[in-house]
Each structure stands twice: as C-alpha cells, then as structure tokens.
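*Asks:* Taking UniProt numbering, the leading residue of the sequence shown gets 1, the next gets one more, and so forth.
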Amino acid sequence: MRSAESIDTIVIIGGGISGLSSAFYLRKMAKEQGRNIHIELVEAESRLGGKINTLHRDGFVIEKGPDSFLSRKLPIIELAHDLGIEQELVPTNKKAAKTYIMKNGKLHEMPKGLTLGIPTSILPFLATELVSGQGKLEALADLLKGPQPKAEDESLGGFLSRRIGNEIVSHIAEPLLAGIYAGDLHKLSLQATFPQFAQYEKEHGSIIMGSRYSRAQLAEQNKGKPPATFMTFKNGLSTMVEALEKELSDISIHTSTKVESLDKQEHGYALKLSNGNSLRADAVIVTTPARAANQLLQPHIKSTMLADMRYVSVANVVLAFDKASFDASFDGSGFLVPRSEGLRITACTWTSNKWLHSAPDDKVLLRCYVGHSEDQESVKLEDEALVAAVREDVEKAIGLQAEPIFSEITRLNHSMPQYAVGHLQAIQSMRIELNEKLPGVWVTGAAFHGVGLPDCIRQGKEAAELMLDFIQTQ
C-alpha cells in the first residue's frame, strides 16, 4: 500500500464533461484526503467540453450542443455549487410551460400531468385528442394489470406497449422518450434507459400509479411547488466548462492530442501520444466514445461490447428572426414530432420563449432537431438543403414563412449511443474482464450509464472515487 506522501499519476483520456468531471473530483477528493496526486488529461480535439459548445452571436446565446438538463438529476446542480457558479443557473420561463405534440399535421397541447409520457392526471389525459378513446382505455388498463415483471431486460417500447398500449406509445411516449436517445424505443434497453418504470411495475403493479407516487414525492421535496423541469446557465452551458478549466489550471492538459496506444507495464501503464510523446500512468480513466475506447482496449480484452455499440448522428438547426417580421405566434416552449408524421424534424424548441436570456427582446430564436436511428439521411443534407427542409417543416407546423436573419447548423455525427437490450449485462461482463486484464483502467461516459449531462458528471465523479481507491491499495 502506498503512503500518503506518494505521488501517483492518473491519466484521463477525453476532455468532454465526463473527463472534466473526473479530473475535477479527483483533484478535489485528493485534496480533502490530504493526498498528493498528479493528473494528466488528454483531449483529441482543440477545445475542451466535448458536445457542450455555446455560441455568443449578435446578442444571442446559442447552444450548438446540448441546451439544458433535467433539474431533478442533482449531480450537475452539485457540480455548479462545487464550482461556485450556482448563481448562474436559470430555469425555463414559467410563461412558456406548454409543450405540443403533432398529430395528423396539427399541434396538440401535451396534457397536464404527463411524467415521461405516462399520464398521472387522468382527467387531462381523457380530454386530449392525441389518443383515441380506445387508446385511452388501453393506457388506463395499466391500473388493473398488476405486476407482470420479466426476469431479464426487455425493450423500452415493448415494456410500454404491454403496460399502456401501442397508441399512447407511438403518439406520446415515442416523441418524448426516443428523442432523448434519438433511438427506436423497441430497440432500446428498458433497464439502461428508464429502469424506474420496471420498479414502478414491481412495487405498485402499475406504472401510472408508480409515476403518480414519484411525482408526489418530488412535489413534497419541493414543498408542493413543481420544480422547473429543465435548467441551464444564463450565459450558456459553456459557463460550466470555463469554470472547470479555471479550477483545473494546475493540472497537465494536452489538447489536439490523441492517445494512440495503451500498454501494460510492470508497474502501471504507458500511453503513446499522437505528438510523439508518451505518458506513464498508475491508473487510467477512459471517457471517449465507445469506438475510440475500443481502439485502445481491444488489443487487451476479448469483449466486443464497445465495438458493437451503435451510434446515431443528429443535427440541430438554429434559426434567428426579427420579431417585427415574425409571422407566427406560439405560446409554448416547443413541439415534438412523432415519426409517423413524416417530417424531417423530430422537435422544435422556441428557444427565446423557453429561455428569456437566449435572444434580444426584439428577436426570436428557434432550434430544430433533425435525425434519429431510422433517419440518418436527413443529417447528411447539404447546409442549404437542410435549412430549407427545416423551414418547410416549421411552416407546416406553425405557419411560419418569415426569412431568418441567420441560421446555425451543428452536425453531431456518431454522437448518440444506442443502449441495446442487454446493455447493462454487456457492460458488467466487459468490466469484469477489464479489471482482470487491465487493473486500474476504468472506462466510462455517455456510452455506459446515461447520455445526459448530469449522468456524465455522476459517472465522472464515480470514476474519480474508484481510481483514488485503486491507487490507495497498490
């Protein structure tokens, strides 16, 4: 066992939010424990932050990557407090609380009381035109079915269909839930995406009752006041990246540098870098996408989990307008588009309604999402054709014909990992083998236990704890 005075080196591969969180919590916890460690972070791109990328243009705050996070997932709130930037957090505009879903070319307000697509308030659900009378009966039958748990993992779509019926799944749950992963509900793992649904079935005999109970608990924790579902930072999510960079100014950071190989040594590991240099490490945290992680680890392990993981490409198109010439009205934060509608866009956020800080008072900002697991062609359209396709879809939805003053396109190629049925079991098997053959190497990030920012931060912190424990026992 090493003494407290020993200086151990931990190398973090990947400078996205998972890697930055790992570095931040390694540094923080080591200081709290009175331990002296050396941290090296290696990032292939020229900038840190991964998909987080805020553009400030002409008074607009434009997110080219993720634009917000679920406020009920606390790791990101806790990180903001740890960084001293909690005062920068802002909730969605309360006056733009409505969200719409398209059905047969018409937008319908999402019924109140929906929790992740599950109706928890029966009367508003019965009043919606998004689901037929028969579809409503099929959904409410969940209240009478009792527990029907399966011993093994199943698809999210299959689970929801057997509990609440196909119609509510296709018209409400699919545009809500599949949008998070840009995936097919009938191919995504229940246990890896929304394991709470299975728990609701087991404990309450109904996912409607389980969702109602969870919603009531959340309201109690917030003293009866419903919390804002989403939050962000008033100057953009890059606020968090900038704060992390400032906190990590005393560690060694290598950008525009790729780790080309990882080799086991008698003591620790040797990492060969693309700039010709090499690093020695006592422990390694890999936070890259699965494909890059596989290139490093496959020479050492037989598991194909990383190689087999499918990624989906998506794009977002931001349109900015002068309010004076804007020829459409909308009272919500945005709308969702089920795949059955046949549009290119999967959703549109009325950004300047949802986030009041995102645009000057005399401007309007929209952000539209393109691409999912069953449509990878739209993302490949040339810029002009992509903007034209998005504008055509928005006109169909809300009648907007105004000419934008500018547009911004962000293509996130191979950015959305797809958690297939059996995903958690595959991770477990891979990590058992990895621990046997490469002790002190941990692989984590969006490819494993959640794609959202809070999930990545949580995984980064967990990796830091694990690696500190590992080097302490060596």
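Glycine residues also receive a C-beta, built at the ideal position from the N, C-alpha and C atoms.
Note that the structure is predicted; figures quoted are calculated from it, not measured.
1) Short of 7 angstroms in beta carbon distance, which residues of its chain neighbour SER303, apart from the five on each side in sequence? Order them along the chain.
2) Whose C-beta lies closer than 8 angstroms to the C-beta of ASP455 among residues of the same chain, with five residues either side of it excluded?
3) Can you check whether the CB of PHE194 is closer than 8 angstroms to the CB of LEU130?
4) What is the DSSP secondary structure of GLU436, counted as helix, strand or coil?
5) Which same chain residues, not among the five before or five after LYS187, have their C-beta less than 8 angstroms away from its C-beta?
6) In angstroms, rounded to a whole number, what distance separates the CA positions of LEU70 and LYS258?
7) So, for TYR25: in the same chain, excluding its five sequence neighbours on each side, which residues have a beta-carbon less than 7 angstroms away from its beta-carbon?
8) Give me whichever residues DSSP pairs with THR115 in a beta bridge.
9) Leaving out five residues before and five after LEU176 in sequence, what residues of the same chain have Cβ atoms less than 6 angstroms from its Cβ?
10) Thinking just about the alpha-carbon of each residue, which of PRO111, GLY133, GLY135 and SER132 is nearest to the one in PRO124?
11) Measure the C-alpha to C-alpha separation of GLY105 and LYS136 and round it to an integer number of angstroms.
12) Measuring CA to CA, which of GLU408, GLY399 and LYS94 is closest to GLY65?
13) Whose C-beta lies closer than 8 angstroms to the C-beta of ALA30 among residues of the same chain, with five residues either side of it excluded?
14) In the DSSP assignment, the alpha helix (DSSP H) including PHE194 goes from what residue to what residue?
15) Suppose you measure from the CA of GLY236 to the CA of LEU79; what does that come to, to the nearest Å?
16) Measuring straight from C-alpha to C-alpha, what distance separates MET1 and GLY440?
17) Between which residues of its own chain and ASP8 is the CB-CB distance below 6 angstroms, once the five residues before and five after are set aside?
18) Determine, using beta carbons only, whether VAL379 and VAL390 come nearer to each other than 8 angstroms.
19) Nearest to SER211 by alpha carbon, out of ILE164, ASP250 and GLU242?
20) Only counting the same chain, and skipping five residues up and downstream in sequence, which positions put a Cβ closer than 6 angstroms to that of VAL169?
21) DSSP state of MET110, grouped into three classes?
22) Going by C-alpha to C-alpha distance, which of GLU242, SER238, GLY146 and LEU248 sits closest to GLN199?
23) Measure the C-alpha to C-alpha separation of GLU266 and SER256 and round it to an integer number of angstroms.
24) Taking all protein chains shown into account, decide if HIS414 is buried (16 or more other Cβ within 10 angstroms of its Cβ) or exposed.
25) Have a look at GLY183, LYS95 and LEU55 and flag the residue whose alpha-carbon is nearest the alpha-carbon of LYS234.
26) Quick check on LYS150: does DSSP put it in helix, strand or coil?
27) Can you list, in chain order, the residues of its chain whose CB lies under 6 angstroms from that of GLN191, leaving out five sequence neighbours each side?
28) Under a three-way DSSP split, which group does residue 477 fall into?
29) Can you give the Cα-Cα distance for ALA315 and LEU262, rounded to whole angstroms?
30) How long is the line joining the alpha carbons of ILE77 and VAL241, rounded to whole angstroms?
31) When burial is assigned at 16 or more other CB atoms within 10 Å of the CB, is ALA307 buried or exposed?
32) Only counting the same chain, and skipping five residues up and downstream in sequence, which positions put a Cβ closer than 8 angstroms to that of GLU88?
33) Going by beta-carbon coordinates alone, are LEU107 and PHE335 separated by less than 8 angstroms?
34) What's the C-alpha gap between VAL451 and GLY34?
35) Which residues in the same chain as ASP362 place their Cβ atom closer than 8 angstroms to its Cβ, once the five residues preceding and following it in sequence are excluded?
36) Can you grab the Cα-Cα spacing for the pair ILE398 / ALA328, in whole Å?
*Replies:* In terms of the structure at hand:
1) SER429, MET430 and GLU433
2) LYS73, PRO75, ALA446 and HIS449
3) no
4) helix
5) SER155, GLY157, SER373, GLN418, ALA420 and VAL421
6) 32 angstroms
7) GLY460, LYS461 and ALA464
8) ILE118
9) GLY117
10) PRO111
11) 21 angstroms
12) GLU408
13) ASN36, ILE37 and LEU468
14) From DSSP, PHE194 is part of no alpha helix (DSSP H); its letter is neither H nor E.
15) 15 angstroms
16) Confidence at MET1 is low in this model, with a pLDDT of 46, below 50, so the placement of that residue is unreliable and no value is reported for it.
17) ILE37, ASP282 and ILE471
18) no
19) ILE164
20) LEU160 and SER161
21) coil
22) GLY146
23) 29 angstroms
24) exposed
25) LEU55
26) coil
27) ASP153 and LEU424
28) Examination of residue 477 is not possible in this model, given that the chain is present from 1 through 474 alone.
29) 33 angstroms
30) 14 angstroms
31) exposed
32) ALA80, PHE233, LYS234, ASN235 and THR239
33) yes
34) 33 angstroms
35) ASP322, LYS323 and ALA324
36) 7 angstroms
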